[in-house]
Each structure stands twice: as C-alpha cells, then as structure tokens.
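732 is the number that the numbering used here gives the last residue of the sequence shown; the numbers go up by one with no jumps. For every residue, glycine included, the Cβ atom is placed at its ideal position computed from N, Cα and C. Being a predicted model, the structure only gives us computed values, none of them experimental.
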Amino acid sequence: MMSKNGGKSCGDCNQLETLTRNDFIKASEGISLLGNFRARLFKSRDIPILCDFSLYKNLEVLVIDNDYDKSSEQSAAETSIEEKIVNNGEDSIKYGGSPLKFEFLTLSALQAKDGFKSVEHEYFQSANFFNCNPLSEKESAFLMNRLSSWVEPTFSHETLRNIPLWIVTDCKDIHNTIMFGISKSKDSMDYCRIQCFGRGNAVAKKYLLVGHHCQRISGLEERSKAVSVINIIRRTHNVETDYKERVSGFMQISATWNCSDNSLLMIPPLSAPLSVHLLPGWLDSRMPLFGLAVELRFIISLARALRTGSMKWDNLNGSSYELIIDKVKKLIEEERNAKRSTGSKKPFRDFTGRLWKIMLSCNSASTLIDVLKTIFAILRSRTFVVTLHSDNRSQLARLISDSASEKGLILPRLEGLTPIQILLEIGVEDFHRSCTEQFLTNEYVTSKSELDFFLIDGFDKSPEDRADSLLAYYYSLVAMAACKQYLNLNKHQFRTFARQVISKYCLLKISPSSHGICTEMVNKFTIDLSTGLSVMNIPPAIYDIKKPVTWALETIYSKGAVECARTMVHFTKEARFPFVYHGLAKKIDHVELQESFRLDEEGNNDENELKNAKNDRLRNAKKKTFCEDFFDDYYCSVLIARLNLQNL
85 MMSKNGGKSC
95 GDCNQLETLT
105 RNDFIKASEG
115 ISLLGNFRAR
125 LFKSRDIPIL
135 CDFSLYKNLE
145 VLVIDNDYDK
155 SSEQSAAETS
165 IEEKIVNNGE
175 DSIKYGGSPL
185 KFEFLTLSAL
195 QAKDGFKSVE
205 HEYFQSANFF
215 NCNPLSEKES
225 AFLMNRLSSW
235 VEPTFSHETL
245 RNIPLWIVTD
255 CKDIHNTIMF
265 GISKSKDSMD
275 YCRIQCFGRG
285 NAVAKKYLLV
295 GHHCQRISGL
305 EERSKAVSVI
315 NIIRRTHNVE
325 TDYKERVSGF
335 MQISATWNCS
345 DNSLLMIPPL
355 SAPLSVHLLP
365 GWLDSRMPLF
375 GLAVELRFII
385 SLARALRTGS
395 MKWDNLNGSS
405 YELIIDKVKK
415 LIEEERNAKR
425 STGSKKPFRD
435 FTGRLWKIML
445 SCNSASTLID
455 VLKTIFAILR
465 SRTFVVTLHS
475 DNRSQLARLI
485 SDSASEKGLI
495 LPRLEGLTPI
505 QILLEIGVED
515 FHRSCTEQFL
525 TNEYVTSKSE
535 LDFFLIDGFD
545 KSPEDRADSL
555 LAYYYSLVAM
565 AACKQYLNLN
575 KHQFRTFARQ
585 VISKYCLLKI
595 SPSSHGICTE
605 MVNKFTIDLS
615 TGLSVMNIPP
625 AIYDIKKPVT
635 WALETIYSKG
645 AVECARTMVH
655 FTKEARFPFV
665 YHGLAKKIDH
675 VELQESFRLD
685 EEGNNDENEL
695 KNAKNDRLRN
705 AKKKTFCEDF
715 FDDYYCSVLI
725 ARLNLQNL
C-alpha cells in the first residue's frame with residue numbers, strides 16, 4: 085500500500101521489520117505508519133537539540149510525526165502569525181483567542197502591545213527550522229506504547245536494526261515535551277525525553293534555583309562535560325543587494341571541557357579543546373577575499389560559455405564601452421613608453437594580468453571583440469614589447485611573444501567563442517597567480533611545491549577544466565584567510581591547517597562550469613579544523629562581543645562500568661521547532677520543574693538536599709559565568725535518557 089504522499093504505507097508496527105533504508109530514501113515525504121503517522125529517516129545532525137547529544141553523534145534516526153496531509157492545514161492556520169512573534173518572557177495567551185481573529189491582526193499592531201517584540205530578523209534570518217507536524221500527548225502515549233511492546237528489534241539486521249525512534253510531541257503536556265525517544269535491542273530498552281522550558285530570564289531563574297541534579301539517582305557516579313558554540317560568522321538569508329547565486333558562509337567555534345561544578349553558561353577555560361567548523365560560502369561579502377569570489381564568478385561564466393556555446397553577460401559592476409576602450413588604450417600607451425631595467429625595484433606587472441583587471445568590467449561580446457582588435461592591431465606592427473611572466477601560458481601571451489620575435493605571427497579570427505577563450509585564459513592565469521602569491525606571502529605554506537595540487541598548466545587540460553580547478557584553490561585560500569582573521573595561530577598551525585584544507589579540497593571532483601554553482605556544491609567545502617587548538621587560540625575579546633548560540637551540559641550517570649542514564653541541559657538562541665513558539669504559553673511552577681527532572685521514581689526528595697542544591701547554585705553563580713541577563717536570549721531544554729533500564 086502506498087501513502088498519500090507517495091511513500092509506503094505500514095499498517096502494523098511489526099511490519100516495520102520489512103522496511104529497508106532504500107524504502108525511506110525513495111519516500112521523500114516519509115512512510116505512512118498506522119494510517120495516521122509518518123516515519124522519516126534523518127541523520128542525527130539534522131535534528132534540533134538531538135544534534136548536540138553525544139550519544140547520537142553520526143547516527144541515523146527515525147522520526148515519527150503526524151501525517152503531513154492531515155496536519156498541514158491546521159498547522160499553517162495556527163502558526164501563520166505566531167511564527168513571526170515570540171513572547172518576551174511573559175504569557176502570550178491573552179493575545180490569542182479565536183484563530184479567526186488573527187486574520188485581522190497585523191504584525192505592527194502586535195508589536196505595539198506590551199510584552200512583544202519582533203524577532204523575524206533575529207531568528208528567521210539564522211534559524212534552520214525542522215519541518216514536522218507534532219503529535220498530541222495522547223497520540224504520543226499511544227504510539228510509545230505500541231512501539232515499546234514489540235517483541236523483536238525494530239528492524240532486521242540487514243536493514244536498520246536497533247535504530248533509535250523519536251516521536252515529535254506538541255509541547256502541551258505537563259512536562260513541555262517536544263520529543264520522545266526509544267531505542268530497543270535484545271538486551272535493553274532505552275527511553276529518552278526532550279523537554280523545552282521556554283525562553284527568558286524568568287524560566288532560567290526557576291531552573292537555576294531547582295537545579296537539574298536535585299533529583300539524583302541514588303548510588304550512581306556522575307561526570308559532566310560542557311560544550312559552548314559561538315557563531316563567528318552566522319548563516320544569513322540573501323537580500324536584494326546580494327548576488328542571486330549567493331550561498332551564505334559561516335564560521336563556528338566549539339569548545340568542549342569537563343565540568344566539576346556544573347555551572348550553566350560558563351565561559352570555557354583557556355585549556356578547553358577547540359574545533360572550528362567552516363563553510364566559505366559563495367559570493368558572501370562577509371567572508372575574506374570577497375573580491376576574488378566576484379572575479380572567479382566571471383571566470384566560471386566564461387568557462388560555461390565555452391561548454392554551452394552561449395555567454396550570459398550579467399556583470400553587475402560593468403563599465404561602459406567607451407570607458408573600457410579608453411582604459412585599454414592607456415594601458416597600451418603606458419607599456420609602449422615604459423622604461424624597463426633589469427635592476428628596477430618596481431613590482432613586476434604582467435601585461436595580460438593588467439588587461440584582465442580592466443576586462444573584469446566587460447559586459448558585452450562587442451566590447452571584448454573591439455578590445456582584442458585594438459591589441460591585435462598593435463601586435464601586427466611587431467614593435468609592441470611588454471612584460472610577461474615566463475610561465476604565462478595564455479594564448480594572448482604567446483601571440484605577444486611571437487609579435488616581438490622573428491617567429492611567424494598568426495592572429496586568430498575573432499569569431500564564435502574564440503574571444504571568450506582568449507579572455508578566459510588570461511583570467512585563469514592571473515587568478516591562479518594571485519592565489520599562489522597569497523599563500524606564499526602569508527606563509528600558509530613553506531614552498532610553492534606544496535601547491536602542486538592546484539597546477540593548471542597541464543597540456544591535457546582544456547581552459548574550462550583549468551577554470552574549474554580554481555574553485556578548490558580559491559576555497560583553500562578563503563579558509564586560511566578566515567583562520568588568520570579570527571584565530572590566533574602560529575606558523576606551524578597555519579601550515580598544518582593548510583595541508584588539511586588542501587588535501588581535502590583537491591580531492592573534490594567538481595565542475596562549476598558544467599553544472600553551475602549551487603548550495604549542494606558549496607556545502608561540500610565545509611571543513612572541520614581542530615588539531616592542536618584550544619580556547620587560547622581565540623582572541624580574548626571574542627567572549628565579550630559574542631554570546632554562545634548553543635551551550636550544553638551533558639551528564640553521564642553510571643554504576644561501575646555500566647552507563648545507566650544521561651541528561652543534557654541545552655540552551656540555544658534558535659527555536660528550530662516552529663510549534664515551540666506557542667507550545668510554551670503556560671508558566672511552569674517549581675513542582676513541575678522538580679517532576680520534570682526526575683530520573684527515577686525512587687529519587688531523593690529530601691528538602692535539605694534541595695536547599696543544598698540551591699546554595700551550590702548560588703555559590704557557582706559567583707564564578708566566571710555569563711551575565712544572568714544572557715538567559716533572556718535563550719531557549720532552555722533538557723534531554724533525559726534512561727539507558728539499560730535493567731541496571732537501575
């Protein structure tokens with residue numbers, strides 16, 4: 085049976101054992117389960133909050149929610165207004181009422197009321213929302229009972245055996261649950277729950293007073309690890325002034341360290357290991373060397389013209405015909421009148437490179453042809469002597485050399501794609517040379533031989549292929565420039581990272597001139613750098629001007645060598661579940677918080693222990709932590725995982 089959305093339909097939970105990974109891959113909208121639900125396969129890194137839980141790193145996860153066709157209309161009606169606003173720490177129910185009333189409200193009217201502020205720019209510009217249709221509390225309980233009652237493991241050994249299953253919940257139960265998780269094997273059953281306690285200082289203060297370790301499991305050892313993630317350059321959406329092909333870059337640093345006092349939002353110690361997560365993006369003006377990206381865009385468009393047979397002139401910075409012709413004539417005149425001396429200390433300036441800089445503003449084939457005609461007319465006189473790099477392999481450089489020698493001069497006909505190829509070749513030469521000089525000048529590498537991966541003068545390479553190879557070269561340079569701009573690294577670290585970046589990027593077989601540059605292609609240049617890094621490599625001011633976008637504290641409980649439970653306190657600026665906006669309208673009292681953090685029904689409820697925990701929190705608050713006001717910016721969630729239940 086096929087579901088409404090084109091996937092398989094599974095009427096009984098036990099029939100899931102017959103499903104394979106390919107079934108989920110083929111069903112892009114998910115597989116119908118029990119008629120009312122859908123199941124989709126994800127990487128854990130794509131699921132909010134769960135992506136930061138170490139137990140699920142690099143795992144596949146099956147996510148179950150409401151069938152899309154059943155919930156989409158209702159979901160759209162409920163969130164059309166509320167997704168654009170967020171409560172500023174107060175109860176938002178008083179602005180609710182009948183959904184029909186929302187049709188007559190405007191965002192400006194809502195902003196005028198106390199307690200609200202627009203966060204469309206703050207959150208919608210950076211958040212990557214997780215598409216889901218949450219179940220109600222009753223639906224979640226029903227499904228959890230069905231799933232946990234299976235006799236056999238979830239999937240067969242050949243397919244997806246023991247894969248964790250997570251159920252999306254609407255956050256309206258007493259514990260503000262947004263996801264239930266279950267993982268079953270022949271030996272044990274693991275249960276997980278993610279609870280979201282809202283956003284703002286009021287929620288955080290309650291949490292700090294109660295403490296997530298107040299309800300401890302008797303007799304278990306515990307160890308904690310904290311993670312602080314800061315966006316140096318965050319992802320953003322495109323605006324009207326951006327190039328339409330723009331892909332947002334980002335640079336993220338993550339510090340991880342062992343905690344003994346469990347202080348929340350603590351600044352990491354200087355010795356904490358650091359990792360850098362970097363995507364150079366494409367045509368993103370916030371990234372280093374943006375000018376080179378614009379230049380490479382033009383080169384790729386020329387290469388694409390050779391492959392497709394047509395050139396699309398869409399140069400946003402184009403100059404007029406008269407201005408370009410005038411600049412070329414002045415360049416020729418300068419070269420004619422130049423006094424060349426072998427002992428001159430002036431920087432070497434290749435003629436074709438200088439011509440390329442002028443032609444970057446060319447926006448028509450007729451302009452290009454007339455420029456080449458002007459140059460060819462000078463070459464025919466055989467009196468035009470200019471400076472050229474000895475390794476300049478472009479066709480125009482060869483013609484200039486032939487013109488100044490006794491060799492026969494055969495000028496090509498400026499027809500078809502020939503002018504495009506001549507311009508492309510001088511562009512490839514100049515761009516490659518610029519990247520090489522940047523690597524050497526900044527001492528990212530010790531010698532030019534380390535850049536042999538990016539050699540472009542192979543006799544078997546066409547101009548188009550040589551242009552394609554520049555993309556990896558450019559991204560390698562941008563990655564190193566970003567590290568130089570935002571990190572304190574020594575020469576050894578720069579060279580270590582340069583080798584890592586070059587060795588990864590040069591293995592990517594990508595042809596931007598064949599397929600165009602798209603988000604999927606750019607994302608392949610995402611890279612993680614961590615070797616030998618610590619918080620000491622971050623400029624000291626970074627924690628004064630940047631707040632963590634995510635801060636998590638994960639605690640492991642164990643009995644001897646057996647791990648029994650885990651908790652993760654999670655603070656984030658981005659509520660990636662859209663329904664969280666209106667699922668947290670009610671306030672949470674101390675009783676609910678205490679119940680939420682219960683790991684075991686036998687947990688200690690002694691009042692003295694609660695007082696001691698409160699005092700511990702107050703003492704920890706005097707240590708080096710972020711300002712309490714920071715909590716106004718964060719959504720606070722807790723993940724509780726009970727593992728190997730037979731050991732509790």
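- Residue 473 is bridged by DSSP to nothing; it lacks a bridge partner.
- The count of Cβ pairs closer than 8 Å, one atom from the stretch 124–139 and one from the stretch 628–644, reaches three, so the stretches are in contact.
- Short of 6 Å from the beta carbon of residue 491, and not among the five residues preceding or following it, lies no beta carbon of its own chain.
- Selection 371, 395, 373 and 308 evaluated against residue 382 yields 395 as nearest (Cα-Cα).
- Nearest neighbour of residue 620 by Cα position, chosen from 340, 144 and 224, turns out to be 340.
- Taken in chain order, the complete alpha helix (DSSP H) segments of 4 or more residues contained in the stretch 596–661 are 596–599, 603–607 and 626–629.
- DSSP, reduced to helix, strand and coil, places residue 273 within a strand of the structure shown.
- Rounded to whole angstroms, residue 248 and residue 322 show a C-alpha spacing of 36 Å.
- Setting aside the 5 residues that flank it on each side, residue 503 is surrounded in the same chain by 452, 453 and 456, each with a C-beta closer than 6 Å to its C-beta; the list follows chain order.
- Annotated three-state conformation of residue 304 is coil, per DSSP.
- The beta carbons of residue 556 and residue 590 sit about 6 Å from each other, so the pair counts as a contact at 8 Å.
- Taking C-beta atoms under 8 Å as the contact rule, residue 465 and residue 408 fail to qualify, at a distance of about 22 Å.
- Residue 122: not part of any alpha helix (DSSP H); member of the beta strand (DSSP E) spanning 121–127, first to last residue.
- For residue 305, the closest alpha carbon among the candidates 643, 654 and 574 is that of 643.
- Within the same chain, Cβ atoms closer than 7 Å to the Cβ of residue 254 are found at 218, 219, 220, 663 and 667, the five residues on either side in sequence being excluded.
- Taking residue 463 as reference, the option from 442, 419, 228 and 500 with the minimal CA-CA separation is 419.
- Taking 4 residues as the shortest admissible run, the stretch 350–429 contains the following complete alpha helix (DSSP H) segments, listed from N- to C-terminal end: 374–392 and 405–421.
- Put simply, of 334, 477, 572 and 613 the residue whose alpha carbon is nearest the alpha carbon of residue 546 is 477.
- CA-to-CA, the gap between residue 529 and residue 560 works out to about 12 Å.
- Nearest to residue 449 by C-alpha distance, out of 577, 508, 359 and 326, is 508.
- Here residue 332 carries a coil assignment [DSSP, helix/strand/coil].
- A straight line joining the alpha-carbon of residue 566 with that of residue 331 spans about 16 Å.
- Residue range 261–268 is occupied by the beta strand (DSSP E) that includes residue 265.
- Taking residue 488 as reference, the option from 496, 475, 471 and 585 with the minimal CA-CA separation is 471.
- Residue 224 carries a helical assignment under DSSP once its states are collapsed to helix, strand and coil.
- Of the candidates 118, 120, 119 and 124, the residue whose Cα lies closest to the Cα of residue 104 is 124.
- Within the model, the alpha-carbon separation for residue 375 versus residue 661 is close to 37 Å.
- In this structure, the beta-carbon distance from residue 570 to residue 371 does not fall below 8 Å.
- Note on residue 624: under 16 other CB atoms within 10 angstroms of its CB, so exposed under the neighbour-count rule.
- In terms of Cβ geometry, residue 277 and residue 261 form a close pair [threshold 8 Å].
- The beta-bridge partner set that DSSP reports for residue 309 consists of 342 and 638.
- Sequence-distant partners of residue 401 (beyond 5 residues in either direction) whose C-beta falls short of 7 Å from its own C-beta, in its chain, are 445.
- A check of alpha carbon separations from residue 627 across 141, 393 and 338 identifies 338 as the nearest.
- The three-state reading of DSSP puts residue 467 in coil, since its state is none of H, G, I, E or B.
- If you draw a 10 Å sphere on the C-beta of residue 142, you find fewer than 16 other C-beta atoms in it, and that means exposed.
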